[in-house]
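Student:
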Ligand SMILES: Cc1cc2nc3c(=O)[nH]c(=O)nc-3n(C[C@H](O)[C@H](O)[C@H](O)COP(=O)(O)O)c2cc1C
């Protein structure tokens, strides 16, 4: 059977909402990426520090994780959009695993509030140095917005996996 690993960062639960849905339906390994120093999660500070970290292309230290790429036929990267780019903890993960990631079949889950998803995908592709992702699941705040569009996209993504 096909084995899938999902590497993701989620600050406020949107990306996590999607990966947990996938986990309930398929045999996948979840590899959450957790920054050692958590970003502020509320108010102005949340957008300021996270946004700055993203724009500055920071690679914050992340907690140890278990990731053996050779186990997986496909790897999914899940990230929120932060200032039209992917979240810095994911940058750290990619930096640490770039060579192996480049050789794998990769897909992506992007959660955002309405601006910058395509730019984020382009930046991810450029950073990993791949032509394209096998599949893309792009959702607007799926945890709080249980829209038909989100539901359909998640269902299709899972069906195609
Ligand atoms: C620091 C920061 C920057 C953000 N920048 C953007 C952005 O440029 N465009 C956008 O549409 N949403 C932006 N968002 C909103 C998140 O991408 C969106 O709420 C996403 O669903 C959050 O996923 P999560 O709950 O898994 O962390 C930003 C959120 C944060 C915290």
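Residue numbers (our numbering): 865 to 1025.
Ideal Cβ placement from N, Cα and C applies to all residues, glycine included.
For residue 987 versus residue 950, is the C-beta spacing smaller than 8 Å?
Tutor: Position 123 of the chain shown, counting from 1, holds the residue named residue 987. Position 86 of the chain shown, counting from 1, holds the residue named residue 950. Cβ distance < 8 Å, so residue 987 and residue 950 count as in contact.
Student: Pull up the distance between the alpha-carbon of residue 998 and that of residue 910, whole angstroms please.
Tutor: The sequence position of residue 998 within the chain shown is 134, counting from 1. The sequence position of residue 910 within the chain shown is 46, counting from 1. Rounded to the nearest angstrom, the two C-alpha atoms are 32 Å apart.
Student: Ignoring anything shorter than 3 residues or poking outside the stretch 952-1000, list the beta strand (DSSP E) runs there in chain order.
Tutor: As far as the stretch 952-1000 is concerned, its whole beta strand (DSSP E) runs of at least 3 residues are 969-976.
Student: What residues are listed by DSSP as bridge partners for residue 913?
Tutor: Position 49 of the chain shown holds residue 913. DSSP output for residue 913 lists no bridge partner at all.
Student: Taking buried to mean at least 16 other C-beta atoms within 10 Å of its own C-beta, is residue 912 buried or exposed?
Tutor: Sequence index remark: in the chain shown, residue 912 carries index 48 (1-based). Under this definition residue 912 is an exposed residue.
Student: In terms of residue numbering, what span does the alpha helix (DSSP H) encompassing residue 861 cover?
Tutor: Past the edges of the chain, shown from 865 to 1025, lies residue 861, and the structure says nothing about it.
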